[in-house]
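The block underneath contains the structure these notes are about, expressed in structure tokens.
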Amino acid sequence: MATVERQLVVFDFDWSMADQDTDRWIFEVLAPDIRRKMEDLDNKVQWTDLVAQSLREAHTRGIKREEIEHVLRSIPYHPAMGRAVTKLKAGGRTTFLCLSNANSVFINTILEEKGLETLFEEIITNPAHFEESGLLNLRRRISADGPQHQCKVGCSPNMCKGEELDAFLARHAPAYDRIVYVGDGSNDFCPVLRLRSQDIVLCRTFGGLPKRVARDGDQLKCHIKYWTGAWEIEEVFTTF
Ligand SMILES: [Mg+2]
Ligand SMILES: [Zn+2]
1202 MATVERQLVV FDFDWSMADQ DTDRWIFEVL APDIRRKMED LDNKVQWTDL
1252 VAQSLREAHT RGIKREEIEH VLRSIPYHPA MGRAVTKLKA GGRTTFLCLS
1302 NANSVFINTI LEEKGLETLF EEIITNPAHF EESGLLNLRR RISADGPQHQ
1352 CKVGCSPNMC KGEELDAFLA RHAPAYDRIV YVGDGSNDFC PVLRLRSQDI
1402 VLCRTFGGLP KRVARDGDQL KCHIKYWTGA WEIEEVFTTF
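Heads up, the sequence shown is in the numbering used here, so the first residue is 1202 and it goes up one at a time.
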């Protein structure tokens, strides 16, 4: 492989950077009955809207901002992941991008807790903020009212991760020597389709992504490397 002077590492967040799913985790800890309701409504209501609605229900019930923040800070997170990204960033050749279907509050709260608030060049996700009342107000990145994305690969309506990656690459020209994508979900397949022969997808062994790769992997140009635990990401990153 040619020398890599300029490298981009793209991270999905849930089950990739963090060892849990933020949207589900907070309700599993704070309101399991709301978590059950989300499971029941999963295929009937768009997921971001469903999380927003569940947050409103939690707020009506009296669940406080501090409780949500506390639960986010205690989410399962592998220390090897923190070490892996910190060391790679210190090497100076790598830019980090986060592409996530979670939201800005969940991601920033966890990154701050881990001392990683300056890791990412950009965090592309659904916008969220706490209102004065303590309600966590969450919206889709692509509003249901405006023009929708054109993706046919199967991205969720709130965001096409492939289009977002293309837009990021256009904003950060010239092209990176190598792109490494860390993901687990079915919606990570669309951006991975854009990777080139010198790029690598680090695909978690569980989740929708390995299933999609098993089915449609012949469409991929990039290398595929599988991982289960963050210690393996740390091991791979030391070779970069
Ligand atoms: Mg994920
Ligand atoms: Zn897409």
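Ideal placement from N, C-alpha and C gives every residue a C-beta, glycine not left out.
Is Trp1216 near ligand 1, in the sense that its beta carbon is under 7 angstroms from a heavy atom of that ligand? yes
Please confirm whether any heavy atom of ligand 1 lies closer than 7 angstroms to the CB of Gly1292. no
Report the partner residues of Asp1385 according to the DSSP bridge assignment. BP columns for Asp1385 are empty, so no partner.
Buried/exposed call for Gly1363, threshold 16 Cβ in 10 Å: buried
Consider the C-beta atom of Asp1224 and the heavy atoms of ligand 1; say whether any pair is separated by less than 7 angstroms. no
Taking the alpha-carbon positions, what's the Val1383 to Ile1434 distance? 9 angstroms
Which residue wins for smallest C-alpha separation from Ile1269, given the options Tyr1278, Thr1223, Leu1300 and Pro1277? Thr1223
Where does Val1402 sit, in a helix, a strand or coil, going by DSSP? strand
Trp1428, enclosing beta strand (DSSP E) - first and last residue: His1424 to Trp1428
Tell me whether Gly1384, by its Cβ, gets closer than 7 angstroms to a heavy atom of ligand 2. no
Where do the ends of the beta strand (DSSP E) carrying Ala1329 lie? Ala1329 to Phe1331
Give every residue whose Cβ lies closer than 5 angstroms to any heavy atom of ligand 2, listed in chain order. Cys1352, Val1354, Cys1356, Cys1361, Gly1363 and Cys1391
Which parts of the region 1249 to 1312 are runs of the alpha helix (DSSP H), unbroken and 4 residues or longer, counting only runs that do not cross its ends? 1266 to 1274 and 1280 to 1291
What's the gap between the Cα of Asn1302 and the Cα of Thr1204? 33 angstroms
In chain order, which continuous runs of the alpha helix (DSSP H) of length 4 or greater are located wholly inside the region 1204 to 1255? 1223 to 1231 and 1233 to 1242
With burial defined as no fewer than 16 other Cβ atoms inside 10 Å of the residue's Cβ, what is the status of Phe1297: buried or exposed? buried
Any idea what DSSP makes of Arg1413, helix, strand or coil? helix
Exposed or buried, which one is His1330 when buried takes at least 16 other CB atoms within 10 Å? exposed
Alpha carbon to alpha carbon, how far is Cys1404 from Gln1420? 15 angstroms
What residue range is occupied by the uninterrupted beta strand (DSSP E) comprising Cys1337? At residue 1337 the sequence reads Leu, which differs from the Cys that was named. Unbroken beta strand (DSSP E) run through Leu1337: Leu1337 to Leu1339.
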